[in-house]
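Sequences listed follow chains A and B, in order.
Residue 308, in numbering that gives the first Met the number 0, is where the first sequence stops; the numbers in between run on with no holes.
Residue 379, in numbering that gives the first Met the number 0, is where the second sequence stops; the numbers in between run on with no holes.
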Amino acid sequence: MIEVEGLQKQFGDLVAVRDASFVAHPGKIFGLLGPNGAGKSTTIGCISGLLQPTAGHVRILGHDVVTAGQASRRQLGVMPQELALYEDLSATENLSFWGAAYGLRGSELKSRAREVLEFVALQDRAVEPVKNFSGGMQRRLNYGCAIMHRPRVLLLDEPTAGVDPQSRMRLLEMVKEQVASGACVLYTTHYMEEAETLCDELAIIDQGTLIAQGDLAELRSMVGQRDILRLTGVFHAERVRSTLANFDGVEVLQADEATLRLEMREATRHLAKLFEALQSAEADIRETTVTQPSLESLFIKLTGKEMRE
Amino acid sequence: MFSDAWFIARKEIQYWMYEREVWVWVFFMPLVFFYFIGTVTGGAGGSQPDQKDKIAVSVPDDAGFLFAQIRRRLEENDLEVVEVKDPEQFKAYTRRLTIPAGLTQRVLAGEQATLKFQRRRSGMGSDFDQLRVSRAVYTTVADLVVSEDAGNDVTPDSLERLNQVPPSLTLVVESAGKRRAIPSGYEQTIPGTMVMFVLMNVLSNGAITLVTDRRKGLLRRLASTPIARRDIFFGKWLSRMMLGLIQIAVGIVAGTVLFGMNWGAALPMVFVVLAAWASLCASLGIVIGSWGRTEGQVAGLSVLLSLVLAALGGCWWPIEITPQWMQTLQMFLPTGWAMDAMHKLISFQLDATSVIPHVGAMLVTTTAVGWLGTRIFRFA
Ligand SMILES: Nc1ncnc2c1ncn2[C@@H]1O[C@H](COP(=O)(O)OP(=O)(O)OP(=O)(O)O)[C@@H](O)[C@H]1O
Ligand SMILES: [Mg+2]
């Protein structure tokens with residue numbers, strides 16, 4: 000279990016994580032979803048004891064990461080966002096090194112390295128230097144190094160970033176297996192679909208702030224049944240607002256000279272009428288995007304932007 | 000815990016040993032330097048302490064008993080006198096002394112007699128040879144003066160009696176036992192090369208690896224394991240120290256086995272000096288690796304610093320032959336402390352206590368630089 004309470008991390012004036020609180024439970028995957036620079040890695044850094052929180056508390060299975068750092072780190076497996084591997088060493092040597100760093104020794108270390116090697120499907124490449132591996136193979140090994148000591152809590156920082164579909168499938172399977180055996184997983188990603196299919200619970204983070212959290216159903220209900228409609232072009236913001244005030248079932252989320260964001264039920268069916276109304280307000284529409292209820296639309300609704308811009 | 004630091008150090012050493020460059024620079028290049036620089040500055044065999052330098056002497060049959068006295072004085076100057084008759088053979092020697100015909104007769108008659116000293120080499124070693132031959136001849140002249148002053152005729156007996164009396168002032172300097180000659184040949188090159196290579200290898204490998212580990216996120220990942228940060232730091236220092244010790248072992252073994260190096264009366268202290276030196280280099284490697292951002296940057300700085308410190312500290316040539324300002328500067332450079340300590344032990348055959356200040360200075364600096372290292376050490 001990971002308990003995060005009022006976590007804050009500042010780098011000088013920049014607040015990378017602001018007052019974050021959440022709980023990740025054993026046997027579940029807790030997703031931290033957010034765009035580049037949102038503060039995902041910073042959050043992971045604070046949990047793994049790499050970064051000293053500016054304020055707030057983090058506990059791993061009850062151990063405070065600041066006051067009982069070593070005890071809490073012993074429970075943790077961390078897969079960093081970068082490939083933290085010895086490239087000149089073989090897969091087996093890498094696994095052994097990180098296993099030993101967590102205290103495994105002797106025959107236990109050896110047999111576990113063999114087991115994990117098979118688990119990450121690299122047994123055929125056991126003695127080759129890691130620098131010869133493909134990106135996907137290196138990611139799998141990176142994951143293997145994190146689970147050598149059978150951690151009860153696993154922090155995975157964008158494990159599938161830049162990975163071929165096959166390795167990605169394998170990685171997701173491996174994570175699920177880990178969870179099935181009772182581990183608590185914190186999983187960061189900026190892939191919406193991945194978060195939707197994999198995570199039991201989710202928090203959405205943007206610019207250091209957790210803007211929404213809950214299980215998938217709860218988050219979906221926050222979007223409601225309505226689509227998000229995004230129009231770009233040239234608009235008179237005031238006239239658009241007054242025109243749309245009379246338009247049934249439309250909520251204006253944002254209106255400025257270049258962008259309109261609207262929320263409405265079954266937007267596609269009402270597009271023609273909507274365009275007509277907007278034209279009467281002298282709007283010049285260049286592009287229209289309709290987003291159906293999803294995490295994506297929730298993100299857009301909450302932040303006013305798309306996740307991948 | 001120490002075992003964690005030891006684990007980190009052991010692994011790092013193991014990974015260094017996978018790299019060909021490390022083998023080349025730690026095991027091979029120092030020997031090349033020993034050989035070439037040692038040969039150029041001293042001449043192979045020319046100054047191996049346990050093997051006396053040979054001087055060929057051409058002695059006419061009528062040289063008389065004074066030659067025996069000169070011979071005695073030459074031998075006191077650590078020269079092995081070889082009488083050679085055959086002119087061709089005579090020319091084959093690098094040091095040659097020609098005794099004029101009728102030496103004793105002419106000298107006792109008050110005539111001038113000229114001894115001819117020839118040498119084939121030039122440079123430091125040969126200046127030293129000339130010094131030794133001159134000293135032998137002047138001492139013989141002094142013997143004559145003393146003998147005549149005492150009112151005696153100069154005879155083999157009077158000279159023999161003179162040789163028995165307690166040494167005169169000149170002789171006291173001669174017989175002090177501790178050689179004060181400028182270190183030359185292997186005596187200079189092997190310690191100099193070792194001090195330089197320990198510095199260069201520990202500094203460059205130590206600093207570059209730290210930057211690489213940080214860039215690849217390995218240090219960050221290590222920091223997320225249960226290993227305490229101070230153990231990670233200490234382990235990183237320890238691996239650098241061990242690399243230095245390996246370099247020292249290579250130097251001592253190769254110096255002894257391949258080059259017949261005589262380490263003086265206090266070999267354990269030679270090792271202590273070098274170990275203290277390695278520990279200072281280890282701390283410095285951590286500081287440079289923590290300061291730098293790219294491998295290129297720290298590699299450049301490490302090599303530059305090593306070469307400058309080696310040159311100014313007396314690793315490349317004996318500091319005695321440099322201008323006074325350099326000799327003064329040497330006292331403020333850690334390479335200078337290391338080299339001075341090595342010369343005291345090896346060339347001047349002083350005992351172990353003479354270099355305690357040097358070792359102390361190096362350990363204090365190790366601690367100070369190490370403390371700076373703990374302050375600027377970065378995991379990310
Ligand atoms: N050591 C640091 N010093 C200063 N600023 C930092 C540091 N680490 C992160 N930041 C800043 O904190 C913010 C959050 O960064 P973080 O790496 O946590 O984002 P992220 O969500 O992991 O992004 P990505 O998806 O790109 O990995 C960014 O603005 C980043 O520039
Ligand atoms: Mg990140």
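For every residue, glycine included, the Cβ atom is placed at its ideal position computed from N, Cα and C.
Given the structure is predicted, the values throughout are model-derived calculations rather than measurements.
Chain B residues whose Cβ lies nearer than 9 Å to that of A/A257: Result: empty, since nearest Cβ-Cβ is about 39 Å, beyond 9 Å.
Beta-carbon proximity list for A/S40, same chain, < 6 Å, skipping 5 on both sides: In its chain, beyond the 5 residues on either side, Q80 and D156 have a beta carbon closer than 6 Å to the beta carbon of A/S40.
Any chain A beta carbon closer than 9 Å to B/S289: With a threshold of 9 Å between beta carbons, B/S289 makes no contact with chain A.
A/P34: CB within 8 Å of a non-hydrogen atom of ligand 1: For ligand 1, at least one heavy atom lies less than 8 Å from the Cβ of A/P34.
Cβ of A/F132 within 9 Å of any chain B Cβ: Contact of A/F132 with chain B is not assigned, every C-beta pair being separated by 9 Å or more.
Alpha-carbon spacing of B/G234 relative to A/L197, whole angstroms: So the two alpha carbons sit approximately 40 Å from each other.
contact_flag[the region 231–248 of chain A, the region 9–28 of chain B] where n(CB pairs < 8 Å) is 3 or more: Verdict: no, contact absent.
Per DSSP, cross-strand counterpart(s) of A/C183: Note: A/C183 sits in a beta bridge opposite A/V152.
Cutoff 7 Å; reference B/R384; Cβ partners in own chain excluding five residues on either side: The first residue shown for chain B is 0 and the last is 379, placing residue 384 of chain B beyond what the model contains.
Member of A/G26, A/Q253, A/L103 and A/D163 whose CA lies at the smallest distance from the CA of A/T302: Closest by alpha carbon: A/Q253.
Reduced DSSP secondary structure (H/G/I, E/B, other) of A/Q74: The DSSP-derived three-state label of A/Q74 is coil.
One or two residues paired with A/L289 in a DSSP bridge: Note that residue 289 of chain A is Val in the sequence shown here, rather than Leu. Answer is A/L228.
Bounding residues of the alpha helix (DSSP H) (the contiguous stretch that carries A/I46): Where A/I46 is concerned, the enclosing alpha helix (DSSP H) stretches over K39 to I46.
Completely contained alpha helix (DSSP H) runs for the region 78–145 of chain B, where each covers 4 or more residues: Look at the region 78–145 of chain B and you find these whole runs of alpha helix (DSSP H), each 4 residues long or longer: 86–90 and 102–107.
Local conformation of A/T208 per DSSP, three classes: In the structure shown, A/T208 falls within a strand segment according to DSSP collapsed to helix, strand and coil.
The beta strand (DSSP E) enclosing A/K8, as first and last residue numbers: Residues I1 to F10.
Neighbour flag for B/T224 against chain C, beta carbons, 9 Å: In the structure shown, chain C cannot be found, because the protein chains are A and B.
Span of the beta strand (DSSP E) around A/M147: Note, A/M147: premise wrong, no beta strand (DSSP E); not H, not E.
A/D156 CB to nearest heavy atom of ligand 1 below 8 Å: Distances taken from the Cβ of A/D156 to the heavy atoms of ligand 1 include one shorter than 8 Å.
Closer than 8 Å: A/L13 CB and nearest ligand 1 heavy atom: Set against 8 Å, the gap from the CB of A/L13 to the closest heavy atom of ligand 1 is smaller.
Below-9 Å beta-carbon distance, B/G216 vs any chain A residue: Yes, contact with chain A.
C-alpha gap between A/A112 and A/T91, whole angstroms: Cα-Cα distance, rounded: 6 Å.
Within 9 Å, strictly: CB atoms of B/R70 and B/R95: Taking C-beta atoms as the reference points, B/R70 and B/R95 fail to come closer than 9 Å.
A/K39 CB to nearest heavy atom of ligand 4 below 8 Å: Absence of ligand 4 from the depicted structure is noted, with ligand 1 and ligand 2 being the only ligands included.
Cross-chain neighbours of A/A83 in chain B, by beta carbon under 8 Å: Residues of chain B passing the Cβ test: K215, G216, L217, R219 and R220.
Proximal residues, the region 1–30 of chain B versus chain A, C-beta separation under 7 Å: Residues of the region 1–30 of chain B with a C-beta less than 7 Å from any C-beta of chain A: F6, K10, Y14 and Y17, listed in chain order.
Residue(s) in a DSSP beta bridge with A/H62: Per DSSP, A/I59.
Chain-ordered neighbours of A/Y101 on chain B, where CB pairs are closer than 7 Å: For A/Y101, the neighbours in chain B by C-beta distance under 7 Å run, in chain order, T224 and P225.
Backbone CA spacing between B/S203 and B/G284 [nearest angstrom]: Using only the alpha carbons, I get a separation of about 7 Å.
Cut-off 6 Å between Cβ atoms - residues of its own chain near B/A55, not counting five sequence neighbours on either side: Closer than 6 Å at Cβ, skipping near neighbours: V81, V83, F89, Y92 and R95.
Under 8 Å from the C-beta of A/G48: neighbouring residues of chain B: Near A/G48 (Cβ distances below 8 Å), the residues of chain B are A222 and S223.
From A/L201, A/E217 and A/H269, residue whose alpha carbon lies closest to that of A/F29: Per the Cα distances, A/L201.
Chain B contact residues for A/P79, given Cβ-Cβ distances below 9 Å: Taking a Cβ-Cβ cut-off of 9 Å, the neighbours of A/P79 in chain B comprise G216, R219, R220 and S223, given in sequence order.
Closest by C-alpha distance to A/L294, when choosing among A/I227, A/L259 and A/A257: Measuring from the Cα of A/L294, the nearest candidate turns out to be A/I227.
Near ligand 2: A/T187 beta-carbon under 8 Å from a heavy atom: Within the chosen limit of 8 Å, ligand 2 reaches the beta carbon of A/T187 through at least one heavy atom.
B/E186, buried or exposed, once every other Cβ within 10 Å from all chains shown has been counted against 16: B/E186 should be labelled buried.
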